[in-house]
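Residue numbers (this note's numbering), protein chains in the order written: chain A, 1 to 363; chain B, 1001 to 1363. Ideal placement from N, C-alpha and C gives every residue a C-beta, glycine not left out. For clarity, every value in this text was computed on a predicted model and none was experimentally measured. Single-structure report; data block below.
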DNA sequence: CGGTCTGCGGAAAGCGCTTTCCGCAGCCTA
DNA sequence: TAGGCTGCGGAAAGCGCTTTCCGCAGACCG
């Protein structure tokens, strides 16, 4: 109505009296000046403070905000406010479906609580993981969630725990998913039990010689799942010689080449367990390329039950983990309760989803 | 050596003289106090300022940082420093492989430039997209990258452009991927040409009746790709009646149900083009479930060439877009050059990758 | 031996916001 | 009509950091 800028075009002249040129963002002071109120009042209107403000002033402020397209500077707000708003998550790689699912759960709960989620990809690099902890701490996040396998690396574990503890000291909350060796609340999937169950499934189908395509040795997820398979083997009076466990990198291509090695070195194998679905998919691809029928000649099983498991041919037998729920629970813990309480641990179950890729061994 | 805390345990007593209790983060002032230097000097040491500082003081500061596990408050730094460090990205959904690939490219270049990437998922909700623009603006990011299809929605486009323009006014850089209707530099994939090429491929195999499983009507990506298919049809003297274009939601399940509808309504169809790979995979699944051989009875083609395309059976013929490179180029533009320059547009090519899912129509 | 540099540490002024505290009106009550 | 409330706006003090500017020494020169 009375503004010098009748249309919505960005006002060039007025911003930040210092300088004169409009470069640089519009500040609260600009808004206050234009609305002819104090910054205090402008702030109150904008943030919906409980303190009452007269209708007229309120309207003037809102008008000014609109005209100037004002957006508060989050850094300044973060500094001035006491409470933390964002939450940080460190995963190996969000674009990996495993983490995508977990992240979905984290995201949902975070959003429900009005929190902003900052996602960091460590790409399985411990050094980067350490850096990200520092970064998130610097960002003053309210909580840090660490998802994905831990490492068999004492020095690293000690260091990251020290950092996490320092973070907790300063009032932050830590929760972890699938890492039992850390500070903080934990959501632990039944990796070992899952390994046991899938091997059990294969032994019961009649297989005698199971081969395993494992992930990197340094990851606890690898060793946990492997331990379960070993246990099942023992229960059935079978051995799992080292020769029949090949380590790879949890990638599709790694699964393919490992299949080649495994079958070359141990031709007696009639069933392959890959410790994640990506590698299982790679195994399937290699077997198809080499005209080895699945499950006719060789059975294949994966781990995680990613969406792709039901799209490959044959559809993939695998171990299902409730990934989204795990994320949701980790975030719930991260956002609930005081910082000081005994460490909570929630365990989640694994179940076998039998599909087409597993069957009895060839007669 | 002379610190009161000989071991690495977190020092509880000293932080932030105000209060006495150690709750709350360690500040630069704490570090300075412990090192017996001024905050200015501490800051210089920590940030590796160009200004020389005597070796002894430097060592004392570093020691204090170590002892106190000090991490600078990023908000305070953001406020005090002039230059912006983070870069924002708005995508539909990072866990969608299409965006995962793009994000990988964005990430790489951002990291090369020492920038932190803030990723926001809009889940194809225009309102959320608007919110995120504000949020990123509030975070004072150096650049905003908008990836993923635009919307056929004039009001929305106008509003988001207004916001983006305001952001540019204040010195921010905007670049977009696959959206031609926006403010800012753009990386534009050859969506229309890709559509033309894939249809061309099918017509040349001898197909006469092509059906299309399209994405949501409101997305420009959908209409662009469709336009290319229409053009190819016209070039071959063929029509593409509305009946043979069914709209879905770019999801796997949407692809499956759309296949059912399409073949029910238009049994003459011998080739199906899905406008992304997820829907193509869904189509494949439906066809397999209904014992319709691919490509024997029906050919199927996708779009994007996501990794899964070579894992399904039969492997999927599709249109490849250099997604990672698109991300990298968008980020390069976002981080290069001054804010004031003519809008740059970079176009990237699409090529057909013929695999097993397409072949001649049944005789 | 006085004067001018130069080298380096510290004081202090912000960055943009929130929030406490103060004070001015206008109102009610006695 | 005086005194005390209450309601609401503004002044100002930080939040934790960076960075400019100043000043003190010691080095060097004439």
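Problem - Within chain A, the residues that residue 1266 of chain B reaches when beta carbons sit closer than 8 Å - result: Within chain A, no residue comes near residue 1266 of chain B; the closest Cβ sits about 25 Å away, beyond 8 Å.
Exercise for the section: Find the residues of chain A that neighbour residue 1071 of chain B, judging by a C-beta separation of less than 7 Å, and give them in chain order. Expected result: 134, 137 and 138
Practice task
Could you tell me the boundaries of the alpha helix (DSSP H) in which residue 49 of chain A lies?
Solution key: Looking at the DSSP string, residue 49 of chain A is not in any alpha helix (DSSP H), and its letter there is neither H nor E.
Exercise for the section: Pick helix, strand or coil for residue 310 of chain A, following the three-state DSSP scheme. Expected result: helix
Practice task
Tell me whether residue 176 of chain A sits in a helix, a strand or coil according to DSSP, three-state version.
Solution key: strand
Practice task
Grab me the residues of residue 1105 of chain B's own chain with a C-beta within less than 8 Å of its C-beta, minus the 5 sequence neighbours each way, in chain order.
Solution key: 1323, 1324, 1325, 1326, 1327, 1328, 1329, 1330 and 1331
Handout entry: Contained beta strand (DSSP E) runs [length at least 3] in the stretch 176 to 201 of chain A, N- to C-terminal order
Key = 185 to 189
Practice task
List the endpoints of the continuous alpha helix (DSSP H) containing residue 1161 of chain B.
Solution key: 1154 to 1169
Problem - Closer than 9 Å to chain A by CB, residue 1121 of chain B - result: yes
Handout entry: Whole-number beta carbon distance between residue 1150 of chain B and residue 1181 of chain B, since they are thought to touch under 8 Å
Key = 5 Å
Problem - Buried or exposed by the 16-neighbour rule on C-beta atoms within 10 Å, applied to residue 27 of chain A - result: buried
Practice task
Figure out for me which residue from A:272, A:336 and A:74 has the closest Cα to the Cα of residue 296 of chain A.
Solution key: A:272
Practice task
Please list, in chain order, all residues of the same chain as residue 1239 of chain B whose beta carbon is under 8 Å from its beta carbon, the five residues on each side excluded.
Solution key: 1233
Exercise for the section: Determine, using beta-carbon pairs with one atom in the stretch 1076 to 1093 of chain B and one in the stretch 87 to 94 of chain A, whether at least three such pairs fall under 8 Å. Expected result: no
Practice task
Starting from the C-beta of residue 1141 of chain B, find all residues in its chain whose C-beta is less than 8 Å away, skip the five residues before and the five after it, and write them out in chain order.
Solution key: 1084, 1086, 1087, 1088, 1118 and 1172
Exercise for the section: Excluding the 5 residues preceding and the 5 following residue 1361 of chain B in the sequence, name in chain order all residues of the same chain whose CB lies nearer than 6 Å to its CB. Expected result: 1206, 1207 and 1270
Practice task
Entirely within the stretch 1081 to 1108 of chain B and at least 3 residues each: give me those beta strand (DSSP E) ranges in chain order.
Solution key: 1086 to 1091
Handout entry: Length of the line joining the Cα atoms of residue 94 of chain A and residue 1097 of chain B
Key = 10 Å
Handout entry: Selection from B:1315, B:1321 and B:1192 that minimises the alpha carbon distance to residue 1284 of chain B
Key = B:1315
Problem - Which of helix, strand or coil DSSP assigns to residue 320 of chain A - result: strand
Exercise for the section: Assuming residue 228 of chain A contacts residue 194 of chain A (C-beta within less than 8 Å), just tell me the rounded distance between them. Expected result: 6 Å
Exercise for the section: Kindly list the residues whose CB is nearer than 6 Å to the CB of residue 1346 of chain B, restricted to its own chain and excluding five residues on each side of it in sequence; keep chain order. Expected result: 1187 and 1329
Exercise for the section: State the Cα-Cα distance for the pair residue 1225 of chain B and residue 160 of chain A, rounded to the nearest angstrom. Expected result: 48 Å
Exercise for the section: Spell out the partners DSSP gives residue 1245 of chain B in its beta bridges. Expected result: B:1212
Problem - Neighbour flag for residue 258 of chain A against chain B, beta carbons, 9 Å - result: no
Practice task
Indicate the three-state DSSP secondary structure (helix, strand or coil) for residue 1269 of chain B in the structure shown.
Solution key: coil
Exercise for the section: Can you tell me the Cβ-Cβ gap for residue 275 of chain A and residue 317 of chain A, rounded? I've got them flagged as a contact below 8 Å. Expected result: About 14 Å separates the two Cβ atoms, so there is no contact after all.
Exercise for the section: Find out if the Cβ-Cβ distance for the pair residue 25 of chain A, residue 42 of chain A is shorter than 9 Å. Expected result: no
Problem - Environment of residue 292 of chain A [buried if 16+ CB atoms lie within 10 Å] - result: exposed
Exercise for the section: Taking only beta carbons into account, state which residues of the stretch 1087 to 1111 of chain B come closer than 9 Å to chain A, listed in chain order. Expected result: 1093, 1094, 1095, 1096, 1097, 1099, 1100, 1101, 1103, 1104 and 1107
Problem - Beta-carbon proximity of residue 53 of chain A to residue 61 of chain A, cut-off 9 Å - result: yes
Practice task
Using only alpha-carbon positions, find the residue among B:1035, B:1081, B:1298 and B:1124 that is nearest to residue 1251 of chain B.
Solution key: B:1124
Handout entry: Distance between beta carbons of residue 358 of chain A and residue 300 of chain A, contact taken as under 8 Å
Key = 7 Å
Exercise for the section: Could you check if residue 192 of chain A is buried or exposed, using at least 16 other CB atoms within 10 Å of its CB as the buried criterion? Expected result: buried
Handout entry: Best match in A:254, A:156, A:163 and A:242 for proximity to residue 144 of chain A [C-alpha to C-alpha]
Key = A:163
Problem - Members of the stretch 44 to 75 of chain A that neighbour chain B once the beta carbon cut-off is set at 8 Å - result: 69, 71, 72, 73, 74 and 75
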